[in-house]
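What follows is a short report on a single structure.
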Amino acid sequence: METLNYEVLQKSGYTGYILRDAPEKVLQFGEGNFLRAFADTWFDLANERAGWNGKCCLVQPIPTGLAGAINAQQGLYTLYLRGRQDGRAVSEKRVISSVSRCLDPYTQDGYAAMLAVAVSDDLEIIVSNTTEAGIAYDPACRKADCPPASFPAKLTQVLHARWQAGKPGVIVLSCELIDENGKELLRCVDEYIRQWGLEADFRAWVHGACTFCSTLVDRIVPGRIRDAAEAARLDAENGYHDELIDVGEVFGVWNIEGPAWLADRLPFKAAGLNSPVVPDVTPYKKRKVRILNGAHTGFVPGAYLAGFDIVRDCMRNDTIRAFMNRMLRQEIVPILPLDRDDCLRFAAAVEDRFNNPFVDHALLSISLNSTSKWRARNMPSLLEYAAANGSLPPCLTLSLAAYIAFYTNDVQALTEQGLVCRRPGGGAYTVCDDRPVLEFYAAHKDDAVPALVRAVLANQAFWGQDLTAVPGLEAATVQNLTLIREKGALAAFAACLA
75 METLNYEVLQ KSGYTGYILR DAPEKVLQFG EGNFLRAFAD TWFDLANERA
125 GWNGKCCLVQ PIPTGLAGAI NAQQGLYTLY LRGRQDGRAV SEKRVISSVS
175 RCLDPYTQDG YAAMLAVAVS DDLEIIVSNT TEAGIAYDPA CRKADCPPAS
225 FPAKLTQVLH ARWQAGKPGV IVLSCELIDE NGKELLRCVD EYIRQWGLEA
275 DFRAWVHGAC TFCSTLVDRI VPGRIRDAAE AARLDAENGY HDELIDVGEV
325 FGVWNIEGPA WLADRLPFKA AGLNSPVVPD VTPYKKRKVR ILNGAHTGFV
375 PGAYLAGFDI VRDCMRNDTI RAFMNRMLRQ EIVPILPLDR DDCLRFAAAV
425 EDRFNNPFVD HALLSISLNS TSKWRARNMP SLLEYAAANG SLPPCLTLSL
475 AAYIAFYTND VQALTEQGLV CRRPGGGAYT VCDDRPVLEF YAAHKDDAVP
525 ALVRAVLANQ AFWGQDLTAV PGLEAATVQN LTLIREKGAL AAFAACLA
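In our numbering, the protein residues as written are 75 to 572.
What follows is the structure, encoded as structure tokens:
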């Protein structure tokens with residue numbers, strides 16, 4: 075079977091939207107599954123819906139990557155968006171044609187091509203997703219490196235070449251999952267300007283002519299088809315072989331922090347895409363962390379103890395689904411500093427996203443590092459609710475007890491892999507967390523419930539404060555943990571709904 079390219083696609087009979095030739099308006103650092111299912115799809119839709127007429131030139135951020143495969147397919151790849159929308163299963167196929175090529179800057183030709191795009195009159199936008207570790211200042215990088223190892227150093231070279239050529243500034247959209255990603259990227263660029271002794275006028279151009287945007291991206295991207303039989307079936311259906319098939323969920327939002335004029339400069343608004351330009355993405359990150367991530371951490375430990383293995387099955391259980399929705403709608407949404415209706419719509423979408431019939435999202439994988447997750451995702455909501463209402467939120471309070479139960483249920487041993495426990499219905503599982511956390515629970519595995527709860531809540535290394543000082547929390551956690559151990563986690567969930 076022939077590999078996907080423009081000629082092969084035409085012979086296959088594909089009738090969807092395709093744009094073969096257009097100026098390279100985007101230089102994108104990162105060629106992985108996420109950006110191809112997210113940013114490149116956004117630009118592809120902008121081409122179709124808004125006549126943007128632009129292509130994305132990708133840059134492979136590390137020495138090994140997908141440049142060869144992408145170029146062999148002339149930038150084309152098949153994207154499947156799968157999930158639930160408005161309560162119904164959705165599976166959409168689209169061949170993405172917004173990518174022109176992928177450069178390997180670790181070759182002489184690829185590095186030269188990257189700098190050629192940098193000085194192009196067509197370039198408008200730089201996009202990046204180089205993992206959370208990608209935005210980091212590495213003092214070992216030198217101006218003469220071709221290329222330097224770090225992404226911010228490469229970006230500094232690109233911007234400097236563009237400034238030297240007398241070209242206009244660009245919009246920089248950082249998608250890395252770190253706080254204030256755009257601001258941190260600009261800080262790293264400033265460090266290289268200082269270290270390399272670059273011109274003061276160049277720094278002024280970077281700060282004045284370029285717009286560095288912090289962004290918040292939200293789309294679950296499982297990535298490539300891992301099952302060989304399914305991949306072969308899809309190739310047969312498509313009439314071509316695709317090395318770069320990508321899979322994402324239907325839901326997607328790209329919050330971009332920037333000035334109001336940016337909404338009209340970027341092509342997303344005109345294309346009707348869910349990509350609002352806002353003065354500050356911090357509240358939207360809080361919305362995602364508190365609602366989407368907080369929902370996971372709120373029910374997953376208890377649901378696993380109740381015998382569930384994947385998220386989708388939890389959403390098909392009336393008790394767990396109702397528990398999650400009550401936690402979101404009555405305890406978390408009311409205290410968020412955002413429009414209530416908007417947050418309720420986001421919360422409603424969570425149920426559809428978790429009930430995705432195409433993704434087997436394992437509870438055990440979500441449970442990784444639940445201590446820091448509960449602290450970041452659920453504890454702030456609990457404390458803010460208590461401060462605002464003078465009482466504890468029942469579901470969030472139970473989530474703390476369920477977390478403790480998950481870490482202490484019939485502890486068997488502490489191994490190099492983690493803390494081995496046993497489910498109430500039988501079957502061992504391994505709790506994975508930072509070593510001091512696991513050692514703490516191993517040391518307290520034989521404590522009576524009141525002593526265990528006091529030790530956990532008073533552990534300031536876990537929570538950054540002594541949670542026994544929260545009125546009523548210790549007593550409620552003792553009661554909830556006792557209920558989970560005696561009646562089971564499902565009965566404890568149901569008790570919150572009574």
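For each residue, glycine too, the CB sits at the ideal point set by N, CA and C.
Whose C-alpha, out of the options, is nearest the C-alpha of residue i?
| i | options | result |
| --- | --- | --- |
| K360 | L272, R419, L260 and I409 | I409 |
| L109 | V523, E250, E490 and D387 | E250 |
| K362 | D114, D275, P375 and G326 | G326 |
| L366 | S439, N452 and A377 | N452 |
| Y481 | N463, V511 and E490 | V511 |
| A516 | Q486, P545, Y503 and A377 | Q486 |
| E311 | Y503, M75, A550 and C570 | M75 |
| A473 | P498, R414, R364 and F567 | For the record, residue 473 in the displayed sequence is Ser; it is not Ala. It is F567. |
| N79 | G562, A124 and A146 | A146 |
| N399 | L412, D413, H370 and Y378 | H370 |
| A502 | R509, F514, E513 and L488 | L488 |
| S349 | I144, I478, L247 and R298 | L247 |
| A550 | E490, K561 and P467 | P467 |
| I136 | G372, C287, K228 and A278 | K228 |
| P545 | A461, Q534, D521 and L150 | A461 |
| Q404 | V280, A214, W279 and N463 | N463 |
| P357 | Y180, W237, D434 and L412 | L412 |
| V295 | A278, G500 and G106 | G106 |
| A479 | G376, S455, R162 and N329 | G376 |
| D114 | S441, D521, D320 and D416 | D320 |
Let's see if you can read the secondary structure: which residues bound the beta strand (DSSP E) around residue i?
| i | result |
| --- | --- |
| Q269 | Q269 -> not in any beta strand (DSSP E); alpha helix (DSSP H) instead, spanning N255 to Q269. |
| Y154 | Y151 to Q159 |
| W335 | Here W335 belongs to no beta strand (DSSP E), and DSSP marks it neither H nor E. |
| V101 | As written in the sequence, residue 101 is Leu, which differs from the Val given in the question. Where L101 is concerned, the enclosing beta strand (DSSP E) stretches over E98 to F103. |
| G372 | Note, G372: premise wrong, no beta strand (DSSP E); alpha helix (DSSP H) at G368 to L379. |
| S248 | I245 to S248 |
Only counting the same chain, and skipping five residues up and downstream in sequence, which positions put a Cβ closer than 7 Å to that of residue i?
| i | result |
| --- | --- |
| L564 | A380 and T393 |
| E258 | I209 and I252 |
| E265 | Y211 |
| G87 | G313 |
| Q534 | D540 |
To which residues of the same chain is residue i closer than 6 Å at the C-beta, ignoring the five residues directly before and after it?
| i | result |
| --- | --- |
| N127 | A96 |
| V552 | V523, P524 and V527 |
| F428 | V385 and M389 |
| F432 | R156 |
| A141 | Q134, C176 and D178 |
| T504 | Q491, G492 and V494 |
| A187 | L177 |
| I92 | S171 |
| G499 | G381 |
Using a 10 Å radius around the Cβ and a threshold of 16 neighbouring Cβ atoms, would you call residue i buried or exposed?
| i | result |
| --- | --- |
| T138 | exposed |
| L574 | No statement about residue 574 is possible, as the shown extent of the chain runs from 75 to 572 and does not include it. |
| W448 | buried |
| G90 | exposed |
| T152 | buried |
| G372 | buried |
| S465 | exposed |
| S125 | This sequence places Gly at residue 125; Ser is not what is there. Exposed is the call here. |
Using a Cβ-Cβ cut-off of 8 Å (strictly less than) and excluding sequence neighbours within five positions of residue i, which residues of its own chain qualify?
| i | result |
| --- | --- |
| E548 | V527, R528, L531, L541 and T542 |
| P242 | A283 |
| N255 | I209, S248, C249, S288 and T289 |
Quick one, are the C-beta atoms of residue i and residue j less than 8 Å apart?
| i | j | result |
| --- | --- | --- |
| K99 | I200 | no |
| V244 | L197 | yes |
| E304 | T77 | no |
| D507 | S444 | yes |
| V173 | A239 | no |
| Q159 | D387 | no |
| I267 | T230 | yes |
| R293 | G322 | yes |
| A334 | K343 | no |
| L233 | L177 | no |
| S165 | G104 | no |
Going by DSSP, what residue range makes up the alpha helix (DSSP H) through residue i?
| i | result |
| --- | --- |
| I394 | D392 to R400 |
| K228 | F225 to Q238 |
| E76 | Segment: none, E76 is in no alpha helix (DSSP H) and carries neither H nor E. |
| R307 | A302 to N312 |
| D183 | Q182 to A192 |
| G282 | A274 to G282 |
| K85 | Y80 to S86 |
| Y358 | T356 to R361 |
| F286 | Premise fails: F286 lies in the beta strand (DSSP E), T285 to D292, not in any alpha helix (DSSP H). |
| C131 | No alpha helix (DSSP H) contains C131, which is instead part of the beta strand (DSSP E) from K129 to V133. |
| L512 | R509 to A517 |
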